[in-house]
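A.B. asks:
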Amino acid sequence: MRHPVSLPHASRLVNHGPTVIVSTVHEGRRNLMAAAWSMPVEFTPPRIAVVIDKSTYTREQLRATGQLALNIPCRLQADLTFTVGSVSGRADPMPTQDKFSRYGLTSFAGPELGLPLLEGCIAWLECKLIEEAHIQDAYDTFFVEVVSAQADDRVFVNGRWSFRADNPDLHTLHHLGAGVFAVPSETLQGKLLD
Ligand SMILES: Cc1cc2nc3c(=O)[nH]c(=O)nc-3n(C[C@H](O)[C@H](O)[C@H](O)COP(=O)(O)O)c2cc1C
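Quick look at the structure:
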């Protein structure tokens, strides 16, 4: 099911604005957070901008390691996406369990950086931080470069998303606010006007 996506095609995984789950690991402690705000900004090398608020534990981990993964969740994972976006991994005092353990989630190691990638998602990108301290501080926007990309071939076929009536559980989540998501239940082919 999981297959590599060539880096020149990696931007297609986030081109349509899916909510992602950012995963990080620092000193053996893993973390996850939801992020609705991400977008591709460059094809080659593939680069993505993602907004990560100053209050998040994810940001602390990212600043420490310079690495994050973008996991793309599907319809089946709406509850867990909302949950990891509503609870911080950095409570005070620090919770004994990370969000993976607390919610019974499993991870596998990314092929390039060994980052914890979330099982059950439909695409995974490992990324390295591009240091832009001024932009990070002013706008909470982090630019990252994709170094590995994978997708589930039941829904990402020949380098493109294939959202169909026979794979509704694998459609991406698009956050409308307050835990309400839209899914791309219909696609259409645009045609050139004469
Ligand atoms: C659907 C959804 C989308 C979110 N999108 C973003 C986002 O784009 N950027 C951001 O900084 N926080 C976003 N959040 C909030 C973080 O996920 C939330 O603050 C999270 O608890 C941070 O976890 P952490 O402190 O363990 O890193 C979103 C939350 C939800 C539920």
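Per our numbering, the very first residue in the sequence shown carries number 20; after that it's consecutive.
Glycine included, every Cβ here is placed at the ideal spot set by N, Cα and C.
All values derive from a computational prediction rather than experimental measurement.
1. Under DSSP, the beta strand (DSSP E) around Asp171 begins and ends at which residues?
2. Beta carbon of Arg109: closer than 7 Å to some heavy atom of ligand 1?
3. With a threshold of 7 Å on Cβ separation, who are the neighbours of Pro130 within its own chain once the five nearest residues in sequence on each side are excluded?
4. State the beta-bridge partners of Thr191 as determined by DSSP.
5. Report the rounded CA-to-CA distance for Pro203 versus Gly36, giving the unit in angstroms.
6. Do Asn50 and Gly108 come within 8 Å of each other at the CB atom, strictly closer than that value?
7. Where do the N-terminal and C-terminal ends of the beta strand (DSSP E) with Leu144 fall, by residue?
8. Assign Leu81 to one of three DSSP states: helix, strand, or coil.
9. To which residues does DSSP link Ile67 through a beta bridge?
10. For the pair the region 133 to 150 and the region 79 to 88, tell me if three or more CB-CB distances fall below 8 Å.
11. Roughly how many angstroms separate the alpha carbons of Phe175 and Pro187, rounded to a whole number?
12. Indicate whether Leu192 and Phe182 have their beta-carbon atoms separated by less than 8 Å.
13. Would you list the residues sitting across from Pro23 in a DSSP beta bridge?
14. Within 10 Å of its beta-carbon, does Lys210 have 16 or more other beta-carbons around it, so buried, or fewer, so exposed?
15. Taking only three categories from DSSP, how would you classify Phe175?
C.D. replies: A quick look at the data gives this:
1. Thr160 to Asp171
2. yes
3. Ser167
4. Cys93
5. 11 Å
6. yes
7. Ala142 to Ile149
8. helix
9. Pro59 and Val163
10. yes
11. 13 Å
12. no
13. Gln169
14. exposed
15. strand
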